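Presented below is the structure to which this report refers.
Number of protein chains: 2
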Amino acid sequence: MNFTIIKKDGAVRAGTIETENGSIHTPAFMPVGTNATVKALGPDELKQAGAEIILSNTYHLYLRPGHELIRNLGGLHRFMGWNRPVLTDSGGFQVYSLARLRKLSDEGVEFQSHIDGSTHFMTPELAIDIQAALGSDIFMAFDECPPWPATREEVQRAVKRTALWALRCKEKKKCMPLAEKSALFGIVQGGSYEDLRRESLEGLLEMDFEGYAVGGVSVGEPKEEMWKTMDLMGPLLPASKPRYLMGIGDLKDCMQAVQAGFDMFDCVMPTRNARNGTIFTSGGRISIKRTEFKEDPSPLDANCECYTCRNFSRGYLRHLFLSREILSMRLNTIHNIHFYLEFFRQMRTAIMEGRFPEFRNRWERVEW
Amino acid sequence: MNFTIIKKDGAVRAGTIETENGSIHTPAFMPVGTNATVKALGPDELKQAGAEIILSNTYHLYLRPGHELIRNLGGLHRFMGWNRPVLTDSGGFQVYSLARLRKLSDEGVEFQSHIDGSTHFMTPELAIDIQAALGSDIFMAFDECPPWPATREEVQRAVKRTALWALRCKEKKKCMPLAEKSALFGIVQGGSYEDLRRESLEGLLEMDFEGYAVGGVSVGEPKEEMWKTMDLMGPLLPASKPRYLMGIGDLKDCMQAVQAGFDMFDCVMPTRNARNGTIFTSGGRISIKRTEFKEDPSPLDANCECYTCRNFSRGYLRHLFLSREILSMRLNTIHNIHFYLEFFRQMRTAIMEGRFPEFRNRWERVEW
Chain A
199 MNFTIIKKDG AVRAGTIETE NGSIHTPAFM PVGTNATVKA LGPDELKQAG
249 AEIILSNTYH LYLRPGHELI RNLGGLHRFM GWNRPVLTDS GGFQVYSLAR
299 LRKLSDEGVE FQSHIDGSTH FMTPELAIDI QAALGSDIFM AFDECPPWPA
349 TREEVQRAVK RTALWALRCK EKKKCMPLAE KSALFGIVQG GSYEDLRRES
399 LEGLLEMDFE GYAVGGVSVG EPKEEMWKTM DLMGPLLPAS KPRYLMGIGD
449 LKDCMQAVQA GFDMFDCVMP TRNARNGTIF TSGGRISIKR TEFKEDPSPL
499 DANCECYTCR NFSRGYLRHL FLSREILSMR LNTIHNIHFY LEFFRQMRTA
549 IMEGRFPEFR NRWERVEW
Chain B
199 MNFTIIKKDG AVRAGTIETE NGSIHTPAFM PVGTNATVKA LGPDELKQAG
249 AEIILSNTYH LYLRPGHELI RNLGGLHRFM GWNRPVLTDS GGFQVYSLAR
299 LRKLSDEGVE FQSHIDGSTH FMTPELAIDI QAALGSDIFM AFDECPPWPA
349 TREEVQRAVK RTALWALRCK EKKKCMPLAE KSALFGIVQG GSYEDLRRES
399 LEGLLEMDFE GYAVGGVSVG EPKEEMWKTM DLMGPLLPAS KPRYLMGIGD
449 LKDCMQAVQA GFDMFDCVMP TRNARNGTIF TSGGRISIKR TEFKEDPSPL
499 DANCECYTCR NFSRGYLRHL FLSREILSMR LNTIHNIHFY LEFFRQMRTA
549 IMEGRFPEFR NRWERVEW
């Protein structure tokens, strides 16, 4: 993996990540494809929307259909028909948020599947094994992501364990020649404790990862704490490596993070909202079910060039939503993903042209 | 509307129906788009599968979103982004099968909406009004479709009322200059009573419809009775007009109906089965959830050229189905609709080349 910064404006930067499966222009938004599909979309639609990378989930794919199965079917790219880069979350976050925890030790985590209750034992080594089987372009280290709120002691223990596990991930990956071309990112924990965040990062820096992510944000803490964390961490993360703020997708938060020097983002917000009928437009967020759209012949967003906006009216999309038609979820998702990716493209252009402050100012005024 | 028979082989025929919105090659299968969408598919996918006409539902669109709304948004074609022919069922069947009936008289039917329980009064005139508002290419007359089983007296009354209503539909449509280019088909009722079927047809023939449909089949009666009805009616329906067997979609039944001289078919079978994971292939029907497909890298059907078969493995499709992903319903539906339409294209080619018996014989041996 290669990361090149093409333009810098204070902390704000635009760059390119090159992987075996293609380039990613940063700042980049990664649509979430948990179960080897970005919900409601096929790979062609993702490409049409301009997606350059998607995120998929180690935890989910390990449980179903199983990473060995995906390996046997040629890896995740081939399995899902997506030939561009894939970043895989390590499962750390999901083990704590979705599964029923059984036992937690320095060795790993025993948990029960959220699908069928079966018992599993996840270790840093297994997390790397799974991501190698999937053939991911960017692996994430297996981390301990404590819930919010957590005591200082809990967070401190998680920071230590995350460092220990990051090292084991690094060692494990070294022994996998087939995964050589994939990158491995470390994840900084530390909750809302500034000193623990610094401690967590320091531990990871020694291990020299190809990219650094900030995890344990947007886990329930007040927005102010999240902003504090991103403003703190942005400048501390190595400038020459991609900086990834995990799970953040509110567009104003993304702009603030870009301001702080972050490069990569992922969030289910555009896809989940689409399925619930909440649409992002250049004028703000709208709910497609509103009565005022009943006979509205205009597209979701007059400024949008997505397939949905080129072909269908708000009146039709409202009807599909109220009729709970599958096509509703797809057309709304096409639009929201296109809107998000277009937002990031325009943000990048603004950075390249030295007018990120105007860009941010224009979009800060919109109600999301 | 123009109907031309291009090839005849005994009772079997291949032809072309020309409408304002394009041509339909017969024998034709019409995918069902109840709520102004063929479930899980967009208009582009229908075209890619080769659909030349779809069926939509007067009853459903009248209740939601309302025919006036669709009229105001430019008609059904524009509303749903489909610029090829549309046939609209009259609502007769749905009023009896879906709604809660309140009162039935020669004037019309009072019923309660299956959506919100609201009370409505459907008449032949309203059914035509709705279809005109939708801008359908082929209107169906409003009929009384008695349930199965029904007494001879009930069926006889339905036959008489269907004739009365057919005439009122015809008269109503005459007074609508904007609907002039649309065709109107009459519907033969009469249940399993041969003499009542004959009586029903005779009444309709006097009114000279542009096409004739056989309704009240596949409403719960034994298959043998349905076959008897189609074998009886095929030769009796006017040879120069399209003959439409309503709601039939079992492929062997379709072949038998083509043998009896029918030209048009509709059924939810390919779409509904797709959503339930039941797939039609040249080798027969398969359930995608079967364990044997777990690591199967092959497409649903090696002989199929649909988008799904060109891009995805059985292993992936099984995973999507078990994960209840929306993409599962879409990819399965793309395949099943493509399979059905390809089946009909090949059947038509066989007729054109004088080898329908071989075609039928080959497919009769497959387990559906």
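Taken in sequence, the protein lines are chains A and B. Just so you know, the first sequence maps onto residues 199 to 566 in this note's numbering. Just so you know, the second sequence maps onto residues 199 to 566 in this note's numbering. Using N, Cα and C, we set each Cβ at its ideal position, and we do this for glycine too. As the structure is a computational prediction, the values presented were derived from the model and not from experiment.
Residue burial is scored here from C-beta neighbours: Gly513/A has at least 16 other C-beta atoms within 10 angstroms and is therefore classed as buried. In the three-state reduction of the DSSP assignment, His312/B falls in the coil class. Neighbourhood of Asn233/B in chain A, by CB distance below 8 Å: His517, Leu518, Ser521, Glu523, in chain order. Rounded to whole angstroms, Ile326/A and Leu365/A show a C-alpha spacing of 12 Å. Against chain A, the beta carbon of Asn270/B has neighbours under 9 Å at Glu493, Pro495, Gly513, listed in chain order.
Residue pairing by DSSP places Arg298/B opposite Gln310/B in a beta bridge. Using a CB distance below 8 Å, the part of the stretch 210 to 239 of chain B facing chain A consists of Asn233, Ala234, Thr235, Lys237, Ala238, Leu239, ordered along the chain. Contact of Gly475/B with chain A is not assigned, every C-beta pair being separated by 7 Å or more.
Residue environment for Cys373/A: exposed (fewer than 16 other C-beta atoms within 10 angstroms of its C-beta). With a cut-off of 8 Å on Cβ pairs, the stretch 452 to 461 of chain A is not in contact with the stretch 482 to 497 of chain A, counting fewer than three such pairs.
Buried is the label assigned to Gly445/A, since at least 16 other Cβ atoms lie within 10 Å of its Cβ.
Arg543/A and Thr235/B have their C-alpha atoms some 32 Å from each other. In the DSSP assignment, Ala212/B is bridged to Lys205/B. Annotated three-state conformation of Phe510/B is coil, per DSSP. Taking 8 Å as the Cβ-Cβ cut-off, the stretch 263 to 289 of chain A approaches chain B at Pro263, Leu267, Asn270, Leu271, Gly272, Phe277, Met278, Gly279, given in chain order.
If you look at Val564/B, you'll find it isn't in any beta strand (DSSP E); DSSP assigns it neither H nor E. Look at the stretch 525 to 549 of chain B: the residues with a C-beta under 9 Å from a C-beta of chain A are Leu525, Ser526, Met527, Arg528, Leu529, Thr531. With respect to chain A, the C-beta atom of Asn509/B has a partner C-beta closer than 7 Å. Here the alpha carbons of Pro468/B and Asp499/B stand approximately 15 Å from one another. Between the alpha carbons of Leu376/A and Gly289/A lies a distance of about 21 Å. Secondary structure note for Leu529/B: its alpha helix (DSSP H) is the uninterrupted segment 524 to 550. If you look at Gly409/A, you'll find it in the beta strand (DSSP E) that goes 409 to 412. Restricting attention to Lys245/B, Val466/B, Gly272/B, Lys379/B, the CA atom closest to the CA of Thr232/B is found in Val466/B. With distances taken between CA atoms, Glu490/A lies nearest to Arg516/A out of Arg516/A, Asn501/A, Gly240/A, Ala472/A. Following the DSSP letters along the chain, one finds Arg359/B in no beta strand (DSSP E) but inside the alpha helix (DSSP H) bounded by residues 350 to 372.
Thr286/A places its beta carbon less than 7 Å from that of Ser254/A. The distance from the Cβ of Glu243/B to that of Arg282/B is about 13 Å, inconsistent with a contact at the 8 Å cut-off. The stretch 341 to 361 of chain A and the stretch 398 to 410 of chain A touch, with no fewer than 3 CB-CB distances between them shorter than 8 Å. Bounds of the alpha helix (DSSP H) holding Met424/A are 421 to 434. Trp566/B is classed as exposed because its beta carbon has fewer than 16 other beta carbons within 10 Å across all chains shown. With a cut-off of 8 Å on Cβ pairs, the stretch 269 to 283 of chain A is in contact with the stretch 329 to 337 of chain A, counting three or more such pairs.
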